[in-house]
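These notes concern the structure reproduced below.
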Amino acid sequence: MPPDKKRQHNIRADDHTNKKAKIGSSENVDLFLSNVRAFILKACIEKARLQIFKTQLSKFGGKDDDVLSDRTTHVIVDDKVDLLKLCRILRLEKPPNVNIVKSSWLSACFRENRLVDTKDYKLDSSSFIENEDESVKKNNKSASEKNRISPSYNKCEAPINDQQFPNVGALLSADPKKDHGSDGANYDSDSDYVPSDEESKDLTLSSTSTTPTTSPMKSLPKGNWICSQSSKNEKPNFNKDITDKLEEMAQAYSSTNDKWRAFGYQKAIQQLKKLPKHITSWEEAVSLPGVGKRLADKIWEIAESGGLRKLNEFKSSEEVQVISLFTNVWGAGPHTSRVWYQQGFRTLEDLHSKAKLTHQQQVGLKHYDDFLDRMLREEAAKIEKTVCDAAESIQPGVIAHACGSYRRGKATCGDVDVLVTHPDGKSHKGIFSKLLARLKEQGFLTDDLVSAEENGNQKKYLGVCKLPGDGQRYRRLDIIVVPYDEYACALVYFTGSAHFNRSLRHLAKKMGMSLSEHSLNTGVVRKGPEKIYEGTPLQTPTEESVFKHLGVPYRPPEERDH
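Counting along the sequence shown from 1, when you hit position 36 you're at 255 in my numbering, and nothing is skipped either side.
Structure, rendered in structure tokens:
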């Protein structure tokens, strides 16, 4: 079964009862900074953090002055900057006559959602002695002379662009200029597949566009596309202590059928994994795409304390524990598990003796422990060979490959997906029922979950198998028979990973195409999320051809394990 549809059958009964989640609801924003007109000194403040300050300041009603003027009410500086350094950077003889506060004051305002008193954040005037250091006067030298001298300076004292101070030494009343450019970090929008405003603007292909040619694109649409990268080159996760806790939260919400909260946590996890360093401030957390103030609070709580109170509450909840236990029964989704809990069931024995179970749930309960136990790839290889040999005995020349985590080279596998086809394009048609019958005669297939699922020209079997010999466990097995002209796309689809596949499909959509387990279509016409015209299938004789059409380098299966 494909990685991104592992539990599709488990939750099928639940899908009809889910209420539609409310998306994009906005809260009333308290404009508590409406009387603040701030000039933020860029020195010592990282670019991403500076962008956060500007965005949040505007969000809560404040004004961001790009130049220091007589209308400025606050000057915001990094906590490491004192008054003497401020004057040296601004090339002033004395500090401006406004509130000069540390950036931690702004952080406190954002965190507490109110205008915090500045008394604990004002710069100490005792640190400034007027004209004590001749460097103040030296800093008034012309820019050309500075370039000629080429002094060494640290990050905090780096020269400031004169456009930020049109007339150094005096506070002018010039109107602040609104900078429409973005100097913030370019975040990957691929992990959650909701295009950022910046990405949408840069794309020339709209949602209603088509692709006029089938030749590969010379450059990818803007974005840090996972499908263009090797999973072997993934950078270390500097925030593993945080993402591990968030993974547990996402799993807890998934088990209670709170899909949107789980989705939000997964988005945050992907963004955190891409950071080149450990989170060092609440502002960094709230700046991540898809991360709001509440989730930023949790991220910062983990970063500061190493724990999360909300997670501890989940772990101590009987309901969450029981529902998590029940959702591991194959064929039972979060909704069914909750119903069982509401009916008073608390153990697997309760389900066995009291609950009304479907055939799939009975099989899932019978093999509960075996299904949860991941098999070594050596065992998966034997299962693949058993299916392969049976198929070859029925139809010589058949192709049968195990996909999923096995093909990606993982040391262990949760189940085995075997893809079957024939290169003559027609001999696959009669093999499905014969193959299942042969494997049942051998005693290899022990239980049916879904005996025959039609998916266009593809046929799929979901069941349980067991290798001969003592001590062997019951294993989940999917067999998918496909026509040869769909084989390459099906091979990509069933190999995964889920994240890699979503990236490929999203890229195809950006290019006016559509990718599925059946084909890669070009000339697709969409109106919003709806396809108006399905497009024309491209020739994809190999996996490499799929990648080539999408303009990304071919990645062998072991490099798709994102």
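Note that CB positions come from ideal geometry on N, CA and C, so glycine has one too.
Keep in mind it's a predicted model, so treat the numbers as computed, not measured.
Check your understanding: Which term fits residue 566, buried or exposed, when burial requires 16 or more other beta carbons within 10 angstroms of its beta carbon?
Key -> The residue is exposed, with fewer than 16 neighbouring Cβ atoms inside 10 Å.
Check your understanding: If you check the beta carbons only, do residue 790 and residue 260 fall under 8 Å apart?
Key -> Since the first residue of the chain shown is 220 and the last is 781, residue 790 is not available in this structure.
Practice item. For residue 331, write down the residues that DSSP places opposite it in a beta bridge. Key: Partner(s): none; residue 331 has no beta bridge.
Practice item. Over the uninterrupted beta strand (DSSP E) stretch that includes residue 279, give me the two end residues. Key: Run containing residue 279: none; DSSP gives neither H nor E here.
Exercise for review: Rounded to whole angstroms, what's the CA-CA distance from residue 619 to residue 636? Just pull it up for me.
Suggested key: Approximately 10 Å between the Cα atoms of the pair.
**Study point:** Three-state secondary structure (DSSP) of residue 553
**Key:** Residue state, collapsed to three classes: helix.
Review point. Would the region 478-493 and the region 555-566 be scored as touching if the rule is three or more Cβ pairs under 8 Å?
Key: With fewer than three CB-CB distances shorter than 8 Å, the region 478-493 does not count as touching the region 555-566.
**Study point:** Nearest residue (CA-CA) to residue 457, options 592, 497, 550, 445
**Key:** Of the candidates 592, 497, 550, 445, the one whose C-alpha sits nearest the C-alpha of residue 457 is 497.
Check your understanding: Relative to the C-alpha of residue 315, which residue among 328, 290, 330 is closest?
Key -> The alpha carbon of residue 315 has as its nearest neighbour, out of 328, 290, 330, the alpha carbon of 290.
Exercise for review: Go to residue 445, then tell me how far its beta strand (DSSP E) extends in each direction, as first and last residue.
Suggested key: Counting along the chain, residue 445 sits inside no beta strand (DSSP E), nor does DSSP assign it H or E at all.
Check your understanding: Do the region 541-553 and the region 463-477 make contact, defined as three or more Cβ pairs closer than 8 Å?
Key -> Contact annotation: the region 541-553 touches the region 463-477, with at least three C-beta pairs closer than 8 Å.
Check your understanding: Is residue 591 helix, strand or coil by DSSP?
Key -> If DSSP states are grouped into helix, strand and coil, residue 591 belongs with the helices.
Check your understanding: So, residue 694 versus residue 634, is the Cβ gap smaller than 8 Å?
Key -> It is a contact, given that the beta carbons lie within the stated cut-off.
Check your understanding: Between residue 743 and residue 735, which are expected to be in contact by the criterion C-beta below 8 Å, what is the C-beta distance as a whole number of angstroms?
Key -> Rounded, the Cβ-Cβ distance is 11 Å, inconsistent with contact.
Exercise for review: Taking residue 623 and residue 475 to be in contact with their CB atoms under 8 Å, please state how far apart those CB atoms are, rounded to whole angstroms.
Suggested key: Actually they are not in contact, since the Cβ atoms of residue 623 and residue 475 sit about 27 Å apart, beyond 8 Å.
**Study point:** Which of helix, strand or coil DSSP assigns to residue 756
**Key:** Strand, per DSSP.
Practice item. Write down the C-beta distance between residue 305 and residue 296 rounded to the nearest angstrom, noting that I regard them as a contact closer than 8 Å. Key: About 6 Å; that satisfies the 8 Å criterion.
Point to revise | Cβ pair residue 786, residue 700 closer than 8 Å | key: Within the shown structure, residues of the chain are numbered from 220 to 781, placing residue 786 beyond reach of any answer.
Check your understanding: Would you say the region 645-661 touches the region 569-577, given that touching needs at least three Cβ pairs under 8 Å?
Key -> In short, these stretches do not touch, since the Cβ pair count stays below three.
Point to revise | residue 463 in three-state terms, based on DSSP | key: Three-state result, residue 463: helix.
Point to revise | Residues of its chain near residue 766, where Cβ-Cβ distance is below 6 Å and the 5 sequence neighbours each way are ignored | key: Same-chain partners within the cutoff: 773.
**Study point:** In DSSP terms, what residue 258 is bridged to
**Key:** In the DSSP output, where bridge partners are listed per residue, residue 258 has 294.
Check your understanding: Taking all protein chains shown into account, do 16 or more other C-beta atoms lie within 10 angstroms of the C-beta of residue 759, making it buried, or fewer, making it exposed?
Key -> Burial call: buried.
**Study point:** Three-way DSSP call (helix, strand, coil) for residue 623 in this model
**Key:** Helix at residue 623.
Exercise for review: Would you list the residues sitting across from residue 746 in a DSSP beta bridge?
Suggested key: For residue 746, which the question treats as bridged, DSSP gives the partners 749.
Check your understanding: Can you name, in chain order, every residue of its own chain whose Cβ lies under 7 Å from the Cβ of residue 514, other than the five neighbours on each side?
Key -> Correct list, in chain order: 483, 487.
Review point. Which whole-angstrom value is the C-beta distance of residue 258 and residue 294, which I expect to be below 8 Å?
Key: Yes, residue 258 and residue 294 are in contact; Cβ-Cβ is about 5 Å, under 8 Å.
Point to revise | Simplified DSSP assignment, three categories, for residue 672 | key: Strand.
Review point. For residue 263, does the three-state DSSP call read helix, strand or coil?
Key: Here residue 263 sits in coil by DSSP.
Review point. Ordered along the chain, which non-local residues of its own chain (more than five positions away) have a Cβ less than 8 Å from that of residue 616?
Key: Cβ neighbours of residue 616 beyond the five flanking positions: 641, 642, 643, 646.
Check your understanding: So, do the region 664-671 and the region 717-733 have three or more beta carbon pairs nearer to each other than 8 Å?
Key -> The count of Cβ pairs closer than 8 Å, one atom from the region 664-671 and one from the region 717-733, stays below three, leaving the stretches out of contact.
Check your understanding: Name the DSSP bridge partner or partners of residue 680?
Key -> Paired residue(s): 698.
Check your understanding: What residues in its chain sit with their C-beta under 7 Å from that of residue 512, if we drop five residues either side in the sequence?
Key -> Here residue 512 has 505 as same chain residues with Cβ atoms under 7 Å from its own Cβ, once five neighbours each way along the sequence are excluded.
Review point. In whole angstroms, what separates the C-alpha of residue 449 from that of residue 627?
Key: In a straight line, the C-alpha of residue 449 is about 12 Å away from that of residue 627.
Review point. Straight-line CA distance for residue 612 to residue 649?
Key: Computed Cα separation, rounded: 13 Å.
Practice item. For residue 714, write down the residues that DSSP places opposite it in a beta bridge. Key: Its beta-bridge partners do not exist; DSSP assigns none.
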